[in-house]
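Have a look at the structure below, then the notes.
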Ligand SMILES: Cc1ncc(C[n+]2csc(CCOP(=O)(O)OP(=O)(O)O)c2C)c(N)n1
Ligand SMILES: [Mg+2]
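Residue numbers (the working numbering): 2 to 372.
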């Protein structure tokens with residue numbers, strides 16, 4: 002058998018440099034109000050400042066367990082979630098702080114969750130990887146790589162079953178794309194025409210493994226795997242919030258109007274290690290690579306240049322937004338520290354819905370061993 006691809010190593014291609022002034026005029030963005038445009042800046046900065054403060058809390062020994070930071074990827078959560086309407090849902094993996102703040106969860110409840118406090122969004126029992134807020138149609142925060150992808154298909158199935166015009170945004174990392182559950186989800190989503198938009202946040206690494214070393218990568222990109230499932234796909238430059246909105250809106254419209262799924266790949270980068278416990282992240286990538294992204298491709302820096310250039314904000318106002326985000330993050334750390342830990346007797350509460358609602362129990366099985 003001749004293998005024509007063996008010598009090719011296309012790897013992860015960096016997309017062309019973003020031109021935000023031009024991209025702001027594309028159909029998904031042209032109608033945005035000044036308030037909305039400024040709001041994107043505020044939302045991205047709030048996520049970054051919240052996470053920087055959470056990093057400090059971790060270093061101070063206040064957070065137990067994992068802390069996966071989203072710093073560098075903020076444009077994706079903010080851009081995609083800004084397109085959500087009333088019947089749309091969102092679900093993601095463990096790198097979930099950005100998505101949670103973007104759907105409108107408060108810094109207080111998010112920081113308290115990191116510290117394991119009862120005022121946290123998951124009552125202190127979920128931690129960094131398991132933020133939830135069903136009232137905002139935010140279904141987590143999942144620690145099993147690709148575990149959220151069949152759930153994303155299920156949320157979309159529910160929409161279709163209930164004949165609601167909506168869609169589900171299901172985020173995953175580039176490392177999740179080789180999981181069997183993900184491929185089963187793509188198959189069933191396409192076979193049953195489910196309104197789900199799968200969004201690969203391609204930050205180039207799965208823990209310490211570069212994407213080139215873990216995934217067969219067609220020249221056109223990872224999302225092209227959707228071809229095998231007869232599914233719509235696209236590759237998007239994550240350094241531009243406008244490019245993100247333009248590409249994602251098309252997929253969301255397709256899901257809402259024709260109940261068709263999509264697979265999108267958004268190129269991005271994480272500056273921190275896989276988690277804060279990943280102290281060796283400069284060993285599997287170069288300092289130059291990190292510096293290049295920070296200097297030339299950072300989505301917040303590029304967006305700040307855009308708002309200044311288009312005179313939406315002046316330097317002073319930009320600084321004010323930043324200071325307000327820092328103050329809010331600081332206040333959330335205080336709130337979290339002053340909150341109490343969950344009570345011992347509540348340990349099995351909120352674990353199984355049926356345990357907390359025995360009168361509405363549908364199943365007959367035993368829930369706990371000592372029942
Ligand atoms: C099924 C499963 N296998 C392995 C792990 C351990 N693990 C946690 S995160 C991770 C890497 C995932 O990388 P990626 O999907 O690119 O997401 P990113 O961390 O870059 O956001 C691995 C292998 C896990 N949590 N679940
Ligand atoms: Mg990754």
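Glycine is no exception: its CB is placed at the ideal position from the N, C-alpha and C atoms.
Treat the numbers as computed from the prediction; the structure is a model and nothing was measured.
Item: Among all residues, which have a Cβ less than 5 Å from at least one non-hydrogen atom of ligand 1, and in what chain order do they fall?; Value: 96, 145, 146, 174, 175, 176, 177, 204, 207 and 208
Item: State the Cα-Cα distance for the pair residue 37 and residue 247, rounded to the nearest angstrom.; Value: 15 Å
Item: For residue 173, write down the residues that DSSP places opposite it in a beta bridge.; Value: 201
Item: Buried or exposed: which applies to residue 19, given that a residue is buried once 16 or more other Cβ atoms fall within 10 Å of its Cβ?; Value: buried
Item: Compare the Cα-Cα distances from residue 92 to each of 330, 189, 292 and 137 and report the closest residue.; Value: 137
Item: In whole angstroms, what separates the C-alpha of residue 58 from that of residue 118?; Value: 14 Å
Item: Look at the Cβ atom of residue 199, then the Cβ atom of residue 186, and state whether they are nearer than 9 Å.; Value: yes
Item: Nearest-angstrom Cα distance between residue 334 and residue 183?; Value: 36 Å
Item: Are there any heavy atoms of ligand 2 lying less than 8 Å away from the beta-carbon of residue 212, as far as the coordinates show?; Value: yes
Item: Rounded to the nearest angstrom, how far is the Cβ of residue 150 from that of residue 171, given a contact under 8 Å?; Value: 6 Å
Item: Check whether the Cβ of residue 43 sits closer than 8 Å to any heavy atom of ligand 2, and report yes or no.; Value: no
Item: Between the region 299–319 and the region 94–105, do three or more beta carbon pairs fall short of 8 Å?; Value: no
Item: Would residue 278 pass as a contact of residue 67 if the rule is Cβ separation under 9 Å?; Value: yes
Item: Write down every uninterrupted run of the beta strand (DSSP E) in the region 258–329 whose length is 3 residues or greater and which is fully enclosed by it, in chain order.; Value: 263–268
Item: Between residue 242 and residue 294, which are expected to be in contact by the criterion C-beta below 8 Å, what is the C-beta distance as a whole number of angstroms?; Value: Contact flag wrong, Cβ pair sits at about 16 Å.
Item: Please indicate yes or no: does the CB of residue 271 lie closer than 8 Å to some heavy atom of ligand 2?; Value: yes
Item: By how many angstroms is the C-alpha of residue 196 removed from the C-alpha of residue 99?; Value: 23 Å
Item: Compute the distance between the beta-carbons of residue 39 and residue 313, then report whether it is under 9 Å.; Value: yes
Item: Pull up the distance between the alpha-carbon of residue 211 and that of residue 176, whole angstroms please.; Value: 9 Å
Item: With respect to the beta strand (DSSP E) encompassing residue 91, which residues constitute its N-terminal and C-terminal limits?; Value: 90–92
Item: Between residue 202 and residue 74, what straight-line distance do the alpha-carbon atoms span, to the nearest angstrom?; Value: 8 Å
Item: Is residue 290 near ligand 2, going by C-beta to nearest heavy atom under 8 Å?; Value: no
Item: For residue 347, does the three-state DSSP call read helix, strand or coil?; Value: helix
Item: Measuring straight from C-alpha to C-alpha, what distance separates residue 347 and residue 340?; Value: 16 Å
Item: Going by DSSP, which residues form a beta bridge with residue 55?; Value: Per DSSP, none; premise fails for residue 55.
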